[in-house]
Every structure is written in structure tokens, then in C-alpha cells.
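So the structure is just underneath, and the comments pick up after that.
There are 2 protein chains.
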Amino acid sequence: MDTVAIVGVGLIGASFGLALKKAGFKGLVIGVSSEGAIRDARALGAIDEALPLPEAAAQADLIYLSQPIGRILETLRHLDPWVRPGALITDAGSTKRAIVGAAGRHIRRTQFLGGHPLAGKERSGAAEGEADLFRGRAYVLTPSSPGELETPAARWLVEWIGRIGGVLYTLGPAEHDRVVSFTSHLAQLASTALAATVAEHLSPPGELAISGPGLADTTRLALSPYEVWRDILETNADCIDAALEAFIQKLESLRENLRTRQMRDEFRSAAALAARLRR
Amino acid sequence: MDTVAIVGVGLIGASFGLALKKAGFKGLVIGVSSEGAIRDARALGAIDEALPLPEAAAQADLIYLSQPIGRILETLRHLDPWVRPGALITDAGSTKRAIVGAAGRHIRRTQFLGGHPLAGKERSGAAEGEADLFRGRAYVLTPSSPGELETPAARWLVEWIGRIGGVLYTLGPAEHDRVVSFTSHLAQLASTALAATVAEHLSPPGELAISGPGLADTTRLALSPYEVWRDILETNADCIDAALEAFIQKLESLRENLRTRQMRDEFRSAAALAARLRR
């Protein structure tokens, strides 16, 4: 594998380029992105050169789609004629059924293997790229069958995920989408709903100032822009709906048990989960 | 004001003693607490000596009740015969209507003025005390009428809240309890409910590992032990019930709008609130 094309050089794409280089990748990293992102990624050393998608795809051994989900879906509709057979296409989208489905319909000439690095930070954009963004973080691959991980190109990708510090998990696309609807999408909507509820019921600045550090922690995710979430909500609406339903039921149960022993059990179960997340 | 009695020398009580001393208080700080707490507080330099409540109350110019809410209510039932007229009794309980009401019924011989420092940290206990715990944090006093802030003892307390770095707010007890039901109690229950929901629907360790830093942030409050929350939930159940109802309605509305523009507006309102909390 000599040439990697990163399509969509934002925070994840730029970090992937930087991480490969830091981990010793000696090949060529091509960026396919907007002018501003290319400039920032070059300044950071995340990419070696920039090309339009057809030319980049024609050279690449690995095509890494790190655009927003909607843009990945669109890229997959056009990409197939340009790719080299034997190349691997993977992606970094936060939901997997829609993307894996689109790849199944549109990619004929080479392999597609869906991926999702559980990495990120508050600020986005190529200029925020970090070589260590994936270190210690889960990196999910979502083969539809186990054999997809056994091709030479997939083995290469798995090896480099390890080298950049990612912790590999493999899940089917549907299972992935169900799991992240709880671990990621529900946490986001809980934080957004909490902040929106507080905004509606308290008048700033005085009332809002009567808060401790806990509210700030619990509403940090609410800082995320809708533009990042629109495609996630759309492509995982059924799982998110089910997760929200379970969360609302839990809240109704807490509401009914404000003064009972049941509350103690819920606190213990919640504290155990929170402690486990910190191990 | 020469003598301060801190009743219940846990995190808040020990921090109050340390903060007074760091800010230049030259009088005597007496601790009233369990043997272990007294030992830890002495070792830290948070108190000068330890006495049983009747003797401490008889000497004190300021009696600072920093026990759990239920214990404060009990102390208020017995305290009146022991206090010196002209002394000020205040407290650090997280809800105010029950405490201010109990003080109104039981304290006859001197002034009571309710308080709530919005300070804390993950670990509790006297040994965790910090002189800077109140610095930059809201410190609410809850007079039932404005004149309560104008007595010499109340003015002394207000002055020292400023010296230890607290940011003073005054609210009536009912208004306080409504505000913190949103800024503190709802955030706690949202975090607990999120962690409990995730615990029920995912199997550790594999599925739980597929999470980013956002879930850890949003479930940090869920680490809080029930024992701290039992009295809060009991003494503010009506306000918490209303806050939970509003939060559930917001979640239902998000659920119905996973694919509509309404979601964008909720994200913007939530992000603005979250940003304001960080100013």
C-alpha cells in the first residue's frame, strides 16, 4: 500500500494523515477537499498533495472517506468508475447501515469496508488535526461478513489502525448503529435536551449562574453544531427513536420513584456504569 | 465575630474552615463532627478544636451547619436552647424550603439565614477539603425578607463569603429550590437516567467500549452516591417532578422531530445555553 487518498480533510481526515505519518507510513498521502481544508492540512503536514477525486482515486491503494455522512453517500454514487481494482475504500462515518448499503449498491470494482473511529473533539476542521486523536479510542470496522477482514488491503488497514493507536472492534453495520444510538446519539440528545430545557425555564444571567460544574459537564455535548448531527439523526432515526423511548421510560420511572428505594438501585446501577466507563 | 462553629465537617465544612483561615480569619474555628472527620479536619488545619454541639453553640458567633439536609433538619430541632442571642446560624444545604421552614419553627433565640454554596467535587469528606473550593462559585443566601441581610452578623457573613471567593446571590427559598431543580437536580437525574439506560441496553465490556469521551462527560454526575441525593430528592420532590416533566416533554419533542428543522432550532438554543455556562 503506497498511496492513501483522504477524501474530506476535516478533523478526522487530517488526523488520519498525521497519525499515519507519525506511525511511520512512508507512502504518499493525497488530500481531496475544499481549498481551505487543503491549505490547513498541508500546513499541518497531514497531506503531501491535493488532487480532484477522479485522479486521487485512480492512484490510491486506500481511499479514506472522512466527509460528513451525506457527502460520503454522494461520493459512493460516483466513485466506482475511478477506483483501481485491489484498492480498499473505507470511511469514517458515524452511522453505518446507510453507508454500507450505498457501497453495496454502487461499488462494484473493488472492496468497501465500513469504519467508525470513536474519536473527536470540541473543535472541528483540518487545522485541529492531531496525530494522536485515535490513540486509545475504539475504532470500529463493520464487515458484513468476516471474510471482508481477510483481504490483503483489509489486513493492511487493520494493522495501521493498531499502529495509530486505535483499539479495533468489529461489529455488523446494524449492530454498530444500535450500540452507538445508546453510547453516542442518546448522550448527545440528552445533553441537547437538558440545555434546551434549562434555556426555556431559567432567565440568564442570574438564575443560570446558580449552577455548579455538573451542569457544565452534562451540557458539554450540547455545544455540538446541528450540521454535524443532521445526517446522523437522519440515517439512524429508528435506533435513536428506540433509545430515546428507553431513556424517557427510565426518566418516568425515576419521576415516580423520587422518594422510594427504587431510586437507590437506579443510582447504584448508573454509578457502576459511569465508573466502568472510566476504567 | 470571634468564634465559628462548623457543624458537620465534611467536604464543605472543612473547606469553609480552610477558606476562612486562608482569607485571614483570626478567630477560633470549632468543629462538631464524628471522630474521623474531626481527625481529618484537624490534620488539614481546617478547625482549631472539637466540641460537642451544646458547648460549641454556646460559644459561637456563627454556627455553620454543613451536614446532610436530613441532619440539618434534626440539628435545628435541638439547637435553639444552646445558642447565644446575637449569633447567626446559617447552613450549606442544597435545598432551602424545608430547612428555612424548620428554622422558622424551631429557632427563636437568634437569627437563622439559609445558604447554599454551589461548590463541590467528585470526592467527599473532610480530607478532601480545599481552601479555594468556593472561589468563583455562586454562593446563595436565602433570606425570607431583605432585612435579614442587614443585621451585623449577616453583614459579617456576606463580607466573608466575598473574601473566600464566593459570588453572592440572594433568592427566596422557594425561588432557590425551583432554580436548582433545573441547574443541579435535573442535570443529576438526566445523567443518572442516561447511565442506567445504557447499563440496561448494552452488554459490557465490548459494546460499552464503542463510546467516545462524550458519554463519559455526560455520565460524570452519575458517579454521585444516592446517599447524598436522598434528602435532596425528598425535600425538593415537587420542583424536581416539574423539571423532569419539562425535560421529558423536550425529549418527546426531539423524538418527533428527528428529521425536521425544529431539531436545528433546539440544537442552536441548547448550544447557546451551553456556551453561556462557559463564559
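Order-wise, the sequence lines are chains A and B.
So my numbering is basically just the index in the first sequence, starting at one, shifted up by 11.
So my numbering is basically just the index in the second sequence, starting at one, shifted up by 11.
Idealized CB from N, CA, C, for every residue including glycine.
Among 63(B), 174(B), 106(B) and 151(B), whose alpha-carbon lies nearest the alpha-carbon of residue 239(B)?
Within the second sequence, numbered from 1, the residue matching residue 239(B) stands at position 228. Ranking the options by Cα distance to residue 239(B), first place goes to 106(B).
Kindly indicate the opening and closing residues of the beta strand (DSSP E) around residue 3(A).
There is no way to answer for residue 3(A), as the model of chain A reaches only from 12 to 290.
According to the neighbour-count rule (16 or more other Cβ atoms, all chains shown, within 10 Å of its Cβ), is residue 261(A) buried or exposed?
To locate residue 261(A), count along the first sequence from 1; it is residue 250. Flag for residue 261(A) reads buried.
Between residue 278(B) and chain A, is there a C-beta pair that is closer than 8 Å?
Locating residue 278(B) in the second sequence gives position 267, counting from the first residue. Yes, residue 278(B) counts as interfacial toward chain A.
Is any beta-carbon of chain B found at less than 8 Å from that of residue 21(A)?
Sequence index remark: in the first sequence, residue 21(A) carries index 10 (1-based). Not closer than 8 Å to any Cβ of chain B, the Cβ of residue 21(A) fails to qualify, so no.
Quick one: give me the first and last residue of the beta strand (DSSP E) that residue 76(B) is part of.
Residue 76(B) sits at position 65 when you count from the first residue of the second sequence. That run of the beta strand (DSSP E) goes 73-76.
Counting pairs of Cβ atoms below 8 Å between the stretch 54-63 of chain B and the stretch 14-28 of chain B, do you hit three or more?
yes
Compute the Euclidean distance between the alpha carbons of residue 211(A) and residue 61(A), then round it to the nearest angstrom.
Counted from its first residue, the first sequence places residue 211(A) at position 200. Counted from its first residue, the first sequence places residue 61(A) at position 50. So the alpha carbons of these two residues sit roughly 47 Å apart.
Roughly how many whole angstroms lie between the Cα atoms of residue 282(A) and residue 103(A)?
Within the first sequence, residue 282(A) is the residue found at index 271, counting from 1. Within the first sequence, residue 103(A) is the residue found at index 92, counting from 1. If you take the alpha carbons of residue 282(A) and residue 103(A), they lie about 31 Å apart.
Let me see if you follow: with CB-CB separation under 8 Å, is residue 106(B) close to chain A or not?
Taking the first residue of the second sequence as 1, we reach residue 106(B) at position 95. Output row for residue 106(B): interface = no.
The alpha helix (DSSP H) with residue 49(A) in it runs from where to where?
Within the first sequence, residue 49(A) is the residue found at index 38, counting from 1. Taken as a continuous stretch (DSSP letters only), the alpha helix (DSSP H) holding residue 49(A) covers 46-55.
Kindly provide the ranges of any alpha helix (DSSP H) runs that are 4 or more residues long and lie completely inside the stretch 17-47 of chain A, ordered along the chain.
22-33
Would a C-beta distance cut-off of 8 Å place residue 226(B) and residue 198(A) closer than the cut-off?
Numbered from 1 along the second sequence, position 215 holds the residue referred to as residue 226(B). Numbered from 1 along the first sequence, position 187 holds the residue referred to as residue 198(A). Cβ atoms of residue 226(B) and residue 198(A): closer than 8 Å.
Rounded to whole angstroms, what's the CA-CA distance from residue 126(A) to residue 100(A)? Just pull it up for me.
Taking the first sequence and counting its residues from 1, one reaches residue 126(A) at position 115. Taking the first sequence and counting its residues from 1, one reaches residue 100(A) at position 89. Computed Cα separation, rounded: 10 Å.
Distance between residue 40(B) and residue 86(B) (C-alpha atoms, nearest Å):
In the second sequence, residue 86(B) corresponds to position 75, counting from 1. In the second sequence, residue 40(B) corresponds to position 29, counting from 1. Roughly 19 Å separates the two Cα atoms.
Which chain B residues sit within Cβ distance under 8 Å of residue 194(A)?
Indexing the first sequence from 1 puts residue 194(A) at position 183. Under the 8 Å cutoff, chain B gives 209, 213, 218, 219, 221, 222, 223 and 226.
How should residue 214(B) be labelled, buried or exposed, when 16 other C-beta atoms within 10 angstroms of its C-beta is the threshold for buried?
One-based indexing of the second sequence puts residue 214(B) at position 203. Result: exposed.
Contacting residues, own chain, Cβ-Cβ under 8 Å from residue 192(B) (five flanking each side not counted):
The count along the second sequence starts at 1 and reaches residue 192(B) at position 181. Hits under 8 Å: 247, 250, 251, 253 and 254.
Limits of the beta strand (DSSP E) - the one that residue 153(B) falls within
Mapped onto the second sequence, residue 153(B) falls at position 142. It spans 149-153 - the beta strand (DSSP E) in which residue 153(B) sits, taken as one unbroken run.
What residues are listed by DSSP as bridge partners for residue 180(B)?
Numbered from its first residue, the second sequence carries residue 180(B) at position 169. Partner(s): 151(B).
With 8 Å set as the bound, which would you pick, yes or no: does the beta-carbon of residue 153(B) sit closer than that to a beta-carbon of chain A?
What you label residue 153(B) is simply residue 142 of the second sequence in a count that begins at 1. Not an interface residue.
Would the beta-carbon of residue 183(B) fall within 8 Å of that of residue 153(B)?
For the purposes of this step, residue 183(B) is taken as the residue at position 172 of the second sequence. For the purposes of this step, residue 153(B) is taken as the residue at position 142 of the second sequence. Taking 8 Å as the Cβ cut-off, residue 183(B) and residue 153(B) qualify as a contacting pair.
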